[in-house]
Each structure stands twice: as C-alpha cells, then as structure tokens.
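Trainee: Heads up: take any position in the sequence shown, counting from 1, add 104, and you land on our numbering.
For each residue, glycine too, the CB sits at the ideal point set by N, CA and C.
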Amino acid sequence: MRVGSDVFAKCRRCGEVWHVVVAVVPNRKTRVECKQCEGRHGYNPPAAEAGVRGLRKSTPVNRAGSRGKNEPVISSDLSRPVRPYSQGDQYTAGDRILHPNFGEGVVQSISGPKKIRILFASGERTLAQRQKA
105 MRVGSDVFAK
115 CRRCGEVWHV
125 VVAVVPNRKT
135 RVECKQCEGR
145 HGYNPPAAEA
155 GVRGLRKSTP
165 VNRAGSRGKN
175 EPVISSDLSR
185 PVRPYSQGDQ
195 YTAGDRILHP
205 NFGEGVVQSI
215 SGPKKIRILF
225 ASGERTLAQR
235 QKA
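1. Closest to Gly227 by C-alpha separation, out of Ala197, Ile214, Glu208, would be which residue?
2. For Pro188, which of helix, strand or coil comes out of DSSP?
3. May I have the straight-line CA-CA distance separating Leu231 from Cys141, to the nearest angstrom?
4. Can we count Phe206 as close to the ligand FAD, meaning its CB is less than 7 Å from some heavy atom?
5. Measuring only the C-alpha atoms, how far is Lys114 from Lys139?
6. Quick one: what's got a C-beta closer than 6 Å to Arg167's C-beta in the same chain, skipping five residues either side?
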C-alpha cells in the first residue's frame, strides 16, 4: 500500500466503498480517505480480507431468574390509580405514575430519600420525589 493508491476498505459512515491512502507510517494503522463521504479513518479491510482472526464463538447465556433490561422488578398494583408525576409528591414501590414526557410507568424502587427508579416503556429512569417547589 502506498500513499495515493486506491484501496477497497470498510467505511463506518457509508459502508464498503473505494478509498484513497493518505498516510502510511510503519507500526501504525494506515490512514485512508473515503471517496464517497470524504471521511478520514484508519484502514479497515473488507470482511473477506480481514479473515476470521477477530471472530469469537459465543454461546447464549441462559440464567434462571435473569430479567431483561426493561422487565419490571415490581409489577404495578392495578388497584392503585395512575397518579400524575410531581416532584413534590412521595411515592412507594408499585405506584403507577403518569409523566408528561415519558408516559405511564411503575415505581420500581426508592433509591434515596429524594430519588425513585421508575420503569417506563422507553426504559428505567431516576426521578426526584419530595422536592420543595
């Protein structure tokens, strides 16, 4: 590989396209510039040229009792009404909350005297409670 020569390289921004070599320094990664998006990055050979040296075999881990990222620790108490969220209110685990931005959620835990963990459809968030206005 020489400076100015064309190479086929993997561009993280736009995919596999032609690149031009802009720098070759011994013991360092060759720098290339993408001809399509003009982005500069280290030379990333296409998958066929890279070979299998970086591949690892992985087996799925199946742990009993493990929960997914968005699975509730505490289920909502459907007998409790949905309360609009307010920083000044105090909540307990299992309370159903309606937040103006995140929607409906369930209080999972009290993580401090003034913090609660709530699971929304978009994920878990830490919000304030018992704050003076």
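Mentor: Taking the structure as given:
1. Taking the sequence shown and counting its residues from 1, the one referred to as residue 227 is at position 123. Closest option to Gly227, Cα to Cα, is Glu208.
2. Counted from its first residue, the sequence shown places residue 188 at position 84. Pro188 falls in the strand class under three-state DSSP.
3. Within the sequence shown, the letter at position 127 stands for residue 231. Within the sequence shown, the letter at position 37 stands for residue 141. Each residue's Cα considered, the two are about 41 Å apart.
4. Of the ligands one can find in the structure shown there are none, so the ligand FAD has no counterpart to examine.
5. As a first step, residue 114 must be located in the sequence shown, where it is residue number 10. As a first step, residue 139 must be located in the sequence shown, where it is residue number 35. Approximately 12 Å, taken between the alpha carbons.
6. Position 63 of the sequence shown, counting from 1, holds the residue named residue 167. The predicted model places Arg167 with a pLDDT of 49, which falls under 50 and marks its position as unreliable, so this point remains unresolved.
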